[in-house]
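Q: Please see the structure below; I have some questions.
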Amino acid sequence: MKIIMLGAPGAGKGTQAKMIAAKYGVPHISTGDIFRANIKNGTELGAKAKEYMDKGLLVPDELVVDLVIDRFKADDCAKGYILDGFPRTIPQAEALDKALSAIGDSVDYAINVEVPDENIIERMSGRRACVGCGATYHIVYNPTKVEGKCDACGADLILRDDDKPETVEKRLNVYHEQTQPLIDYYKAKGILKEVDGTVDMKDVFAAITDILGE
Ligand code: AP5
Ligand code: ZN
């Protein structure tokens, strides 16, 4: 099972990808999480990525593509994977197709989680991320049991650097210009599935499991 999650920043791709990974036993590969881990660990890649991320811009394709394609080669990807945040540009999608077709493989589904721009700012300003394990919450829609502390590991929760309203607006513009064209790209391949991302997380997940099967 090879799945791509599409959708605007804050549409709930990460939330759903984690649930899909848990149910179907395939790894969740988030390029945003990979970059944030590199920033946290002070790597050279992290320093380069941060320059773009803090401005709400995409990290250049050449820093992303090989990283993801190398990740597929790991043993845990034998049964498939869920890609969250990749591909994000047409050149990234083409590089992915090329790498997969070279091994006689292809993506099964591209799931587009649809949420209008009006809802996105509220989603992002209320999002809180765990500094320990990376779990994601929302102060209204998915609150923790103890305010400011992760349910899973007890570490502190923070607002992501790129979730400030002015950066969110830039990320939305970048999404419409560079990532939204992927919807037509996957529609043309006949693997696009659309789900309404404005409903409760559990209902979004139910719509996705209807597509993927039990
Ligand atoms: P990335 O981390 O991928 O950010 P993004 O695509 O902007 O997506 P988000 O993580 O912000 O949102 P999400 O859709 O996962 O939503 P979530 O589930 O958290 O990338 C960050 C940056 O890295 C990019 O800007 C770029 O610079 C760089 N980058 C990454 N990949 C790249 C690539 N391939 N190429 C180039 N650059 C790249 O949900 C959001 C909030 O809403 C949460 O608080 C959640 O609890 C809540 N929520 C979720 N679902 C619901 C619901 N149904 N109802 C109510 N609330 C909900
Ligand atoms: Zn945690």
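The sequence shown stops at residue 605 when you use the numbering used here, and every number in between is there. C-beta atoms are modelled at their ideal positions from N, C-alpha and C, and glycine is treated no differently.
Where do the ends of the beta strand (DSSP E) carrying ILE582 lie?
A: For the purposes of this step, residue 582 is taken as the residue at position 191 of the sequence shown. From DSSP, ILE582 is part of no beta strand (DSSP E); its letter is neither H nor E.
Q: Please determine whether the Cβ atom of GLY539 lies at a distance below 8 angstroms from any heavy atom of the ligand ZN.
A: Counting from one through the sequence shown, the residue named residue 539 turns up at place 148. The answer is no for GLY539.
Q: Taking only three categories from DSSP, how would you classify GLU538?
A: Sequence index remark: in the sequence shown, residue 538 carries index 147 (1-based). In the structure shown, GLU538 sits in coil (DSSP, three-state: anything other than H, G, I, E or B).
Q: Taking the beta carbon of PRO478 as the centre, do at least 16 other beta carbons fall within 10 Å, making it buried, or is it exposed?
A: Taking the sequence shown and counting its residues from 1, the one referred to as residue 478 is at position 87. Under this definition PRO478 is a buried residue.
Q: Going straight from the alpha carbon of LEU548 to that of GLY495, what length do you get?
A: To locate residue 548, count along the sequence shown from 1; it is residue 157. To locate residue 495, count along the sequence shown from 1; it is residue 104. C-alpha separation (whole angstroms): 42 angstroms.
Q: Using 10 angstroms around the beta-carbon of HIS567, count the other beta-carbons present and answer buried if the total reaches 16, otherwise exposed.
A: Against the sequence shown, residue 567 aligns to sequence position 176. Burial call: exposed.
Q: Using DSSP with H/G/I as helix, E/B as strand and the rest coil, what is MET396?
A: What you label residue 396 is simply residue 5 of the sequence shown in a count that begins at 1. It is a strand residue.
Q: Candidates GLY403, ALA469, ASP575 and CYS524: which alpha carbon is nearest SER425's?
A: Looking up residue 425 in the sequence shown gives position 34. In the sequence on display, residue 425 carries Ile and not Ser. Selected option, being the one with the closest Cα: CYS524.
Q: In chain order, what residues of the same chain have a beta carbon less than 6 angstroms from the beta carbon of ARG551, not counting five sequence neighbours either side?
A: Your numbering for residue 551 matches position 160 in the sequence shown. ALA520, listed in sequence order.
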